[in-house]
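The sequence shown begins at 115 in our numbering and counts up by one. See below for the structure under consideration.
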Amino acid sequence: MTAVCKKNSGKTANEWITEQVLEDIRYYLRQTDLSIKQICDKLAFPNSSFFGKYVKDHFGMTPLEFRNN
């Protein structure tokens with residue numbers, strides 16, 4: 115699957131998934147009033163701590179900072 119994705123799009127399956135998850139995070143943090151916990155659950159993160167680290171690693175700020183920025 116990954117080889118097919120990479121060959122046809124230039125991106126691996128993991129890159130496509132990560133890109134979509136980051137778009138979902140952007141949407142839920144900026145366009146909804148869902149709590150961080152609700153977003154975490156909706157996107158199937160194991161816990162809020164992991165979600166916070168994931169957001170910080172990709173956006174350089176905490177979920178709350180990202181929401182308020």
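Backbone N, C-alpha and C fix where the C-beta goes; we use that ideal spot for every residue, glycine too. Keep in mind that this is a model prediction, so the values were computed, not measured.
- The shortest CA-to-CA distance from Tyr142 to any of Cys154, Glu133, Thr132 and Ile131 is the one to Cys154.
- Put simply, the backbone Cα of Asp147 is about 13 Å away from that of Lys156.
- Comparing C-alpha distances from Asp138 to each of Met175, Thr116 and Ala158 shows the shortest one belongs to Ala158.
- Gln145 and Asn128 have their C-alpha atoms some 25 Å from each other.
- Taking 8 Å as the cut-off, the Cβ atoms of Phe164 and Pro177 do not count as close.
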